[in-house]
Each structure stands twice: as structure tokens, then as C-alpha cells.
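Here is the structure we will look at.
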Amino acid sequence: MSMKTENLNGNSLLAPIIFLPFFFIACCTVPSSADKPLHYMPPDNIAMDCSPSDSSHDAAFPNSERYETDFSAVSRVYAVDPSNSEKPRISACIFRKQVTWPFSVSDGPKFIRLYFKPIIYSGLNISKALFSISIGPYTLITTSESSSSKYFPNSDYAIREFCVNIDGQILNVTFTPSSKVLGAYAFVNKIEIVSMPSKLYMQEDASFPLVGQPSHYSMGRSTALEMMHRMNIGGDAISGLKDTGMFRRWTRDDDYFKTDDGNTSSVESEGEVKSSLLVPTYAAPVQVYASARTILHTTDSKHRARWLCPVDYGFYYLVRLHFCEISRIINRDCQRVFSIYIDNQTAEDHADVFNWSNGAGIPIYRDYIVNFSSYGEGIKYLSVAIGTNNRSSAEYGGPILNGLEIFKLSDLSNNLAGPHPFGVIVAPHPQSSVENDEEGYDVAIVAHVAFGLLFAIGFLCSCYLSFTSHTKQLQKSTKQDQSSGHCRIFTIAETKSATNNFADGLIIGNGGFGKVYKGSLNGGITNIAIKRANPRKAPANVANAPGYGSVGWSNKRLNYESSRSRYSHIRDGFEKTLLDIFNATEKILRQLEE
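Written out as C-alpha cells, the structure reads:
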């Protein structure tokens, strides 16, 4: 009996050892719960709906706290919603004077989402919906008379999402109707306030690359953001309920995706999307990283896949690109290498998702800052493009992009308000109008070179015309009668020829100013006297040459105004020659004829 017991004990000890390898295999093959995306649990999740308190709670926020506010300074109005046949009646809160709504929240960054339906409500003129909305020092929205006309009435709510850091326990939302227009009012349909992780978007200690410049951009704690675009590239739309706990909405990219050829494709992940040590699991839903757009196998570096996103002038923008290597054949660095272009400028010339994320199936994102702070009219389109380059082999696939987010950054006056408070319709762009980023860059270079050439040609023509005009004036002045008091201007070569290179035998006078030479022009027909300045002495007074009498000329007499009609200075190196064509007196004529 005792032996049997010992055998049983021995077998019981061997069993764990025998099954230990199978246990490790099971652990490696069965995904653990830690590998699955975890949702963020926001401390604050508040929804304020202008519909009556007895109406059904909005299904979009099933777990949110219903915020009951004081409506004493607010009136509710109703309208027929043409886009919702099931619930055609829609309500809005109307503010006819400045009203501040306080919300009790915790410290830290918050999503503030404002819902608008700018349609005609009973008894109101939508063109008088002129107002601004602010939170603390930040101006979020400012409307104009044309704001409602830019909104497509059959679409869903216009949702404006903002990210603001809140210090303290109260978040104040202030509605201010315009004081310049009689009967102006403010309105909103819903307000949503949701906490976010502290470093999800607002990274005050981070330094972001500034596209097109060698410098970087640092985002301070006081910077507020407005979400302009959030897309699931190559995949389906993702509702707020399917986000990672923050109720973000991810749209399809079809309306923004542009290409000049059909060499692109949507692709799905060939493996499991894993967790990352570099990116928190709540950064984006798994669906974002499980789908993508790519350029099909090609070695042509001209091929691009691009997205054109309408934004406002006058601001900086944060562009976040989401990546995940979802191909099974990519198993090491430098197999899929491509270029990234933002605003037609190279943001990355050696993008390698496998290298960035340290493996396949691992999410990663990259942030960039774009400077659109210069002001302009109309809608500005921010372009994001991916393209092949010569560093990648076509057998491993082309460029890839999984998700895209674009945020506007508040300016120095804490303003985020743009000219399109309710958003804009994404106008379809004909394929022929979408230029290749590289071609657009080349065109810009050619335009600058052409402008430079035209400027140079214009400058040369101007110089030539000025020179010929000046030459004609000199020729005309030479032909004028000497009695008119005007003098001909001679070159140094002409004066040397007239005096046989200033031969000593032709000296007829000498003084402090210099030597006076006998000379002749026009083949000896015209006799002249030439004064050659002494380079070592300043021309204080012109010495009297024989026949000149006792007349002296001071520096003042030799200035431009007094001498331009009778005397001209010619400078060549250190030499200065004064030429005077004069009606010689009888004594001078005798000396010249000797």
C-alpha cells in the first residue's frame, strides 16, 4: 500500500514537468488580454442636450452624465430636421444675451464638442445667428452672416471638437451674441465634455518637426486645439461608441483621397494588430491600424497617393499619421521604404514603418507641424501624400498609411475661430486638377527661375535704354554751339591722343592745380588747352596759365552746378583731367600756333 502511494506521488510530480512545454506553447499562441486594445476610462463624461428633459437620452452617449442646467436665461426653439425622418423635430438652445454655463469637471485636458444644426428655427432668422463661443481665454467659434449658407442642410450635425487644458474644477462655456446687429442671437444643440489622457495630443514637453524647415515646434500648455479631420484611411467609418473610450468619430477617407492614376488599393491586415510599447492602446481603435491604403507594386517614383483636406488660413496645424505594418511578407527593416509629403514638401524621405514600430503588426504614429499662419482668402487645402522612392523594392509593396488626424493650433491671441464655423463641404476635385506633389514642386522652381530670368532681362533692357539715352544726350550736347556754354565730355583716350600722351613738349603752363598742355582735335582743326591735375595735390586753386589772365577758380567754382555748363571732370584711376574748349585770346592763340 505504501509503494502504491509512493508511485502515485512520483507520477504526480512528473506530470507538471511533462506538461510544462505545452503550457509555454499555449501561452505563446493564445493572445493574452494585455495584447488587446484597452479603452480609456474618462473621469469626466458629460452631455448637455437642449431637448426637453423628458425626451429620450441620446444613444450616442449611453454612459454619459446628463447635465441639467439653468434654462432661465435660455429659450428652447424647435425646427423640422430634413435629414432625420424618424425624429424630424429638433431643438436648440437660444441665447439672446451673453450667458455663461459652468460645468464641474476635474483638472486636465478635455474634449469639448459643440453640436450645431444651422437651420431655420421657428420665429428666428438664421442669418442673425451672429455670435461667438469661448471657454476661458479661448475663442472657439465666431459666426458671420454667411456662416449658415456654407452649411449643407441635409447633413448631420456640424460637430466642432476642441481640446483645452482645464485648470481648476469649473469649465465655463460663454455664449456671446453680436452687439452690432439688432436681434442677433447665439445657439447650440448639444454640448459634450469628455476627459482625455494628458499626453494624447497636448504634449507640452514634446518637440515636433516643422515641415519644410530645419527647426522644431514646441507646444505649450496654453495651446488649445481644434480637430479639423480624423480619418480611417482605407477603412469604414468608426462611430464614437466604437472609439477607445473618448467618443471620437473616424470618417472614411473617400471624399479626401485623390490620385492621378488607379494604381492604389485599400488593404486589410493579414495578421493580428498587437499592442505597442511606444503607442498607448487608446491612441486609435484597432480598426484604424487594421486597414490602410497603399500604392500597388511599382518602381515609378512619380506615383503618389494623396489626401486634400480643407483648413483655415492663419494657423499652425498638427498632422498625425497613423501606421501599422500589416503585410506578412515584411519581416525586417528597409523592405518597405517610402516618402511622405505634407503641403507639397518632404516630411520623410525614408519612412520605414517596420523600423519605427520595431516589428510588424505594431501600431505607431508620427506627428508633424505645418505653418499656415500667413493670412489668405478662401479655403486652404492641406495635402498629405505618400510616394515610392528608389530605396524600396517593388516586391515588398508600396507606401502605406492607416490613419490621419489634423488639428488646428490656437494662435497667440488664444483664438481658434475660423471663417467656417459649421465646417465646409468637401468639393470633389477632378483628377486632372490634382497635380503630383513633386511636379508641383518642380513647377514652383521653374516659376521662380522664369521670374528671375524675366527680372534679369528687364534689368538689362533698362540699363541698355538708359545707356543709349545718355549716349544720345552726350552726342547732342557735343554738337551744340560752343557759345551756348555747354562742354563736350572727353574720354581719357581722347585726351591722350590730343596731347600725344601728355608729351612734355606740349606743356604751355604749370601751376598748383597741374600742368596745361597744348592739344588738337578733329585732325588738328580745333585747338584746345588741356589741364592735367597733379594727383598728389588737391585742386585748391587753378594756377594761371599764360594767357589766362589773373583769374582763379576755387573748389566752389568747380562744383557740379557751376561747372556743368563749361567744365567736365574725367576720372580714370588716379588721373583727373579738366577739359576746356574756349575762345582763346590773341595771346594764347599765338602760343598755340608756335
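Heads up: the sequence shown is residues 17 to 610, going by the numbering used here.
Beta carbons: idealized from backbone N, C-alpha and C, even for Gly.
Drop a sphere of 10 angstroms on the beta-carbon of residue i, count the other beta-carbons inside from all chains shown, and report buried for 16 or more, exposed for fewer.
i: N526; result: exposed
i: R176; result: buried
i: C1; result: Within the shown structure, residues of the chain are numbered from 17 to 610, placing residue 1 beyond reach of any answer.
i: G394; result: exposed
i: E294; result: In the sequence under discussion, the amino acid at residue 294 is Leu, which differs from the Glu named in the question. Answer is exposed; the Cβ neighbour count stays below 16.
i: R352; result: buried
i: E161; result: exposed
i: T511; result: buried
i: C66; result: buried
i: T507; result: exposed
i: K113; result: exposed
i: I186; result: exposed
i: H319; result: buried
i: H55; result: exposed
i: A299; result: buried
i: K196; result: exposed
i: I345; result: exposed
i: G589; result: With a pLDDT of 40 at G589, under the threshold of 50, the predicted position of this residue should be treated as unreliable, and no value is reported.
i: P134; result: buried
i: Y173; result: buried
i: Y391; result: exposed
i: G261; result: buried
i: I358; result: buried
i: I473; result: exposed
i: D520; result: exposed
i: A363; result: buried
Might you give, ordered along the chain, the residues of its own chain that have their beta carbon closer than 7 Å to the beta carbon of residue i, omitting 5 neighbours on each side?
i: A688; result: There is simply no residue 688 to check, as the chain begins at 17 and stops at 610 in what is shown.
i: I128; result: I151, F178, V180 and I209
i: A255; result: Here residue 255 is Ser; the residue named in the question, Ala, does not match the sequence. Excluding residues within five positions, the ones whose Cβ falls inside 7 Å are R265.
i: I136; result: A95 and I142
i: I182; result: V121, D123, G124 and K126
i: L226; result: H232, Y233, I385 and N387
i: E220; result: M235, G236 and R237
i: N636; result: Missing from the structure shown is residue 636; the chain here goes from 17 to 610 and no further.
i: T155; result: S148, N430, N431, L432 and A433
i: N347; result: A376
i: G413; result: T310, H313, S343 and R352
Under the assumption that residue i contacts residue j (Cβ atoms under 8 Å), give the Cβ distance between them as a whole number of angstroms.
i: A63; j: E208; result: 5 Å
i: F331; j: L425; result: 6 Å
i: A145; j: T158; result: No, A145 and T158 are not in contact; Cβ-Cβ is about 12 Å, not under 8 Å.
i: V304; j: N418; result: 6 Å
i: S214; j: P58; result: No, S214 and P58 are not in contact; Cβ-Cβ is about 12 Å, not under 8 Å.
i: D368; j: C350; result: 6 Å
i: S285; j: A306; result: 4 Å
i: V189; j: Y131; result: Not confirmed; about 13 Å, so no contact.
i: H436; j: D328; result: 7 Å
Would residue i pass as an interface residue toward chain D - the criterion being a Cβ-Cβ separation below 8 Å?
i: E421; result: No chain D appears in this structure, which consists of one protein chain only.
Within its chain, find whatever has a CB closer than 8 Å to the CB of residue i; leave out the 5 residues flanking it on each side and keep chain order.
i: S536; result: A514, T542, N543 and I544
i: D269; result: M247, N248, I249, G250, R309, W323 and L420
i: S138; result: V93, Y94 and A95
i: F224; result: H232, Y233, S234, M235, L334, D383, Y384 and I385
i: G184; result: D123
i: G199; result: N141 and K144
i: Y397; result: L324, C325, P326 and V327
i: S389; result: G330, F331, Y332 and D427
i: V450; result: Only weak support exists for where V450 lies, its pLDDT of 42 falling under 50; the value from the coordinates is given anyway. Once the five neighbours on either side are set aside, the close Cβ partners of V450 are K274, T275, D276, R322 and L324.
Keeping to the same chain, check which residues put their C-beta closer than 6 Å to that of residue i; ignore five residues upstream and five downstream.
i: A202; result: F111, F147, F191 and P193
i: W372; result: I380
i: S107; result: C66, S67, R92 and Y94
i: F423; result: L241, M243 and L334
i: V283; result: A308 and T310
i: P37; result: A caution first: P37 carries a pLDDT of 44, below 50, which makes its placement in the model unreliable, though a value can still be read off. Correct list: empty, nothing qualifies.
Item to check | Inside the region 267 to 323 only - alpha helix (DSSP H) runs reaching at least 4 residues | outcome: 302 to 305
Item to check | alpha helix (DSSP H) runs wholly inside the region 157 to 200, at least 4 long, in chain order | outcome: As far as the region 157 to 200 is concerned, it has no whole alpha helix (DSSP H) run of at least 4 residues.
Next on the checklist: When you compare the region 257 to 271 with the region 333 to 343, are there three or more beta-carbon pairs, one atom per stretch, that lie closer than 8 Å?
Outcome noted: The region 257 to 271 is not in contact with the region 333 to 343.
Next on the checklist: Please give the ranges of any beta strand (DSSP E) in the region 355 to 433, keeping only runs that are unbroken, at least 3 residues long and fully inside the region.
Outcome noted: Listed in chain order, they are 361 to 367, 380 to 388, 396 to 404 and 419 to 425.
Checklist entry - Could you give the uninterrupted runs of the beta strand (DSSP E) lying entirely in the region 120 to 144, keeping only those of 3 residues or more? => result 124 to 132
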